[in-house]
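Engineer:
Numbering (our numbering), first residue to last: 1289 to 1961.
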């Protein structure tokens, strides 16, 4: 066992198999030193890529698992090295005691193991023409199969999950009301006023998050620090309790914060706990305790629990790392308690082993993979980390965001948000939580309306946006961020591709092959078309014909971040497939951040019944005025004529469908079905 600083000593291993040589000085040269790497570095360092492992990859709690190594000039030559079992003890390190070789094995803080205890590592190599996104997806698929776990996208009513499908409101770090309330009001009174504001201004918030300010902490601390002493609402925060707040005031599902327990917690007389020798963290050891906590909050109207401060289990409690079972059992207890109560879990501040441990936990549906909002101005940059979490069936997301650059009397001093629309778009494209956090009276309704319908239903892609393979190239790739995702109609018969760029320090020529390489084996309905009509969302009349026939390219403009203000210009390119049986082209609802999604378009059909006819079923809610843009070209590569059609949803039904019919004789009309 290694002694010393707990964070440093995780870099040591007591077993080392497999083990790979990595250069330690300038004279050593191994193949591994010339490969690109993609992995977690320092846990939430979202750069996650580089060349070689020397001076970059330390391993332990913060690096690796999985570790992807790839040819910098040929992105279809890749290998992945990953733990397969016992994630909480099976680490990848460059151990000082082993000449800093890359070593996989039992972390060095374990006191003892049983004779039957084993560790398994998986080494996966790419097949021909299998890029970085594709091999990571394959790795995730194999990991899920090994544990018999279903990917979240395969679950029934996946798209109707309220956290995925609805607009929310957060009060966590970076939010206006994080340990901050309206003057001369209690937190409960602040929430009453907040709810009234959202209703009056037609801001369709469909869930609220309550952060760590509401429960009792170590030494009766009223700030953010200290573990849970009593998981009950403080009388000075919610004097009538959370159940009354949910049922009588907010009247939406709740999400609540949960962290580690303190060594002075009030549950120890009845339940068994392990108190850390550092005096900070106490781990509950009995399943019955977790069952009690989850059953209790379910009665309050809670649907999702945020398990935050996950890093503290290892970082701040030495005892938890002495045994091969304690940390793993903590995760399993959380999972079983949540499952019995019907509550889903969000993991927050996870370390690398926590991320992989979700493979044994059916209740972790979502994971925040960004830093806290307002702490890191670039916390939105989650395109690479999203590849890994989505591969193992977890929905990634970034933290909350403001819809105005300045919030009056902000508790964060002079903090100004330079990237309102970028934060909103990335939250939307992540597939995870989209939650605003403005002061009462200071929400930009225009920003909100670009994200969702009047009922708060978000316009979502089919999968999280992830960094494209070419962003990993040693040279020749885009110098900045370029992410991809796609959307479809509700019938999954019409697929639209999206490419987002930001922080490009140079212009970049985007090629046909890059789009083609985004095809996935797991969605047989989606095929890359031979011909696309491409436009930038903010300038739809400036369009491109993009085709495999002549190896088309598109010049992506430079959009470098301002180094003084941190403003990041961005561009969203929309790729709409061109049908070979029709000259009609759907541009969509151009006032929205994503103009074509299943939440607005239930079906999109072409037909040839004597005339070229185009039919679109449009979904909306009472009171919505929806403007849909449709183009028509006499032939492929020709000039496009534009039509904008208004659909007015006047049905008393909460949700209804109208049909737009276009043909060459009468043009386009929107009518009730």
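Glycine included, C-beta positions come from ideal geometry on N, C-alpha and C.
1) Near residue 1480, which residues of its chain fall below 6 Å by C-beta distance, leaving aside the five closest residues on each side in sequence?
2) Do you know how far the Cα of residue 1919 is from the Cα of residue 1604?
3) On the three-state DSSP scale, how would you describe residue 1583?
4) Under the three-state reduction of DSSP, which class applies to residue 1332: helix, strand or coil?
5) Look at residue 1821 and residue 1904 and say whether their C-beta atoms are less than 7 Å apart.
6) Can you tell me which of the three DSSP states residue 1502 falls into?
7) Kindly list the residues whose CB is nearer than 6 Å to the CB of residue 1530, restricted to its own chain and excluding five residues on each side of it in sequence; keep chain order.
8) I'd like the list of long-range same chain contacts for residue 1990, defined as Cβ closer than 6 Å, with 5 residues on each side in sequence excluded.
9) DSSP has residue 1381 in a bridge; who is on the other side?
10) Quick one: give me the first and last residue of the beta strand (DSSP E) that residue 1301 is part of.
11) Using the rule of at least 16 other Cβ atoms within 10 Å of the residue's Cβ for burial, across every protein chain shown, is residue 1942 buried or exposed?
12) If you follow the beta strand (DSSP E) that residue 1901 is part of, which residue opens it and which one closes it?
13) Taking the continuous beta strand (DSSP E) assigned at residue 1640, which residues delimit it?
14) Can the beta-carbon of residue 1950 be found less than 7 Å from the beta-carbon of residue 1902?
15) Thinking C-beta only, is residue 1511 closer than 7 Å to residue 1549?
16) Between the alpha carbons of residue 1770 and residue 1463, how many angstroms are there, rounded?
17) Could you check if residue 1332 is buried or exposed, using at least 16 other CB atoms within 10 Å of its CB as the buried criterion?
18) Buried or exposed: which applies to residue 1830, given that a residue is buried once 16 or more other Cβ atoms fall within 10 Å of its Cβ?
19) If you run the structure through DSSP and keep just helix, strand and coil, what is residue 1534?
20) Nearest-angstrom Cα distance between residue 1649 and residue 1630?
21) Whether or not the region 1380-1389 and the region 1345-1364 are in contact is what I'm after, with contact meaning three or more pairs of Cβ atoms, one per stretch, closer than 8 Å; do they touch?
22) What is the C-beta distance between residue 1756 and residue 1792, in whole angstroms, given that I count them as a contact (C-beta under 8 Å)?
23) When DSSP labels each residue in this structure, what does residue 1772 get in the three-state scheme?
24) Which residue or residues does DSSP assign as beta-bridge partners of residue 1325?
25) Measuring only the C-alpha atoms, how far is residue 1736 from residue 1657?
26) Hey, residue 1675 and residue 1754: beta-carbon distance below 7 Å or not?
27) Using the C-alpha atoms, what's the distance from residue 1457 back to residue 1484?
Structural biologist: Once the coordinates are examined:
1) Counting from one through the chain shown, the residue named residue 1480 turns up at place 192. Same-chain partners within the cutoff: 1537.
2) Counting from one through the chain shown, the residue named residue 1604 turns up at place 316. Counting from one through the chain shown, the residue named residue 1919 turns up at place 631. If you take the alpha carbons of residue 1604 and residue 1919, they lie about 60 Å apart.
3) For the purposes of this step, residue 1583 is taken as the residue at position 295 of the chain shown. Looking at residue 1583 - three-state DSSP - the assignment turns out to be helix.
4) Counting from one through the chain shown, the residue named residue 1332 turns up at place 44. Residue confidence is low: residue 1332 scores 49 on pLDDT, short of 50, so the model does not pin down where it sits. Its coordinate-derived value is still stated next. Looking at residue 1332 - three-state DSSP - the assignment turns out to be coil, as it is neither helix nor strand.
5) Within the chain shown, the letter at position 533 stands for residue 1821. Within the chain shown, the letter at position 616 stands for residue 1904. Their beta carbons are not under 7 Å apart, which means residue 1821 does not touch residue 1904 by this criterion.
6) Looking up residue 1502 in the chain shown gives position 214. Residue 1502: helix per DSSP, three-state reduction.
7) In the chain shown, the residue the question calls residue 1530 occupies position 242. Cβ within range, chain order: 1521 and 1588.
8) As displayed, the chain neither begins before 1289 nor continues past 1961, which places residue 1990 out of reach and without an answer.
9) Here residue 1381 refers to the residue found at position 93 of the chain shown. Answer is 1347 and 1391.
10) To locate residue 1301, count along the chain shown from 1; it is residue 13. Where residue 1301 is concerned, there is no enclosing beta strand (DSSP E), given that its DSSP letter is neither H nor E.
11) Numbered from 1 along the chain shown, position 654 holds the residue referred to as residue 1942. Looking at its Cβ environment, which holds fewer than 16 other Cβ atoms inside 10 Å, residue 1942 is exposed.
12) Looking up residue 1901 in the chain shown gives position 613. Residue 1901 -> beta strand (DSSP E) spans 1900-1909.
13) Stepping through the chain shown from its first residue, residue 1640 is reached at position 352. Counting along the chain, residue 1640 falls outside any beta strand (DSSP E), though it belongs to the alpha helix (DSSP H) covering 1640-1645.
14) By 1-based counting over the chain shown, the position of residue 1950 is 662. By 1-based counting over the chain shown, the position of residue 1902 is 614. In this structure, residue 1902 lies closer than 7 Å to residue 1950 by Cβ.
15) By 1-based counting over the chain shown, the position of residue 1549 is 261. By 1-based counting over the chain shown, the position of residue 1511 is 223. It is not a contact, given that the beta carbons lie outside the stated cut-off.
16) The count along the chain shown starts at 1 and reaches residue 1770 at position 482. The count along the chain shown starts at 1 and reaches residue 1463 at position 175. Each residue's alpha carbon lies about 28 Å from the other.
17) Within the chain shown, residue 1332 is the residue found at index 44, counting from 1. Its pLDDT being 49, under 50, residue 1332 is placed unreliably in this model, and the value from its coordinates should be taken loosely. By the neighbour-count rule (16 or more Cβ atoms within 10 Å), residue 1332 is buried.
18) Indexing the chain shown from 1 puts residue 1830 at position 542. Residue 1830 is exposed by the Cβ-count criterion.
19) For this step, residue 1534 is matched to residue 246 along the chain shown. DSSP places residue 1534 in helix when its eight states are reduced to three.
20) On the chain shown, position 361 is the one that residue 1649 refers to. On the chain shown, position 342 is the one that residue 1630 refers to. Each residue's Cα considered, the two are about 14 Å apart.
21) yes
22) Translated into positions along the chain shown, residue 1756 becomes position 468. Translated into positions along the chain shown, residue 1792 becomes position 504. Contact flag wrong, Cβ pair sits at about 12 Å.
23) Counted from its first residue, the chain shown places residue 1772 at position 484. Three-state DSSP puts residue 1772 in a strand.
24) Counted from its first residue, the chain shown places residue 1325 at position 37. Paired residues: 1338 and 1357.
25) Taking the first residue of the chain shown as 1, we reach residue 1736 at position 448. Taking the first residue of the chain shown as 1, we reach residue 1657 at position 369. Going from the Cα of residue 1736 to the Cα of residue 1657 covers about 23 Å.
26) On the chain shown, position 387 is the one that residue 1675 refers to. On the chain shown, position 466 is the one that residue 1754 refers to. The answer is yes: Cβ separation under 7 Å.
27) As a working mapping, residue 1484 is identified with position 196 in the chain shown. As a working mapping, residue 1457 is identified with position 169 in the chain shown. If I take the Cα positions, the gap works out to 14 Å.
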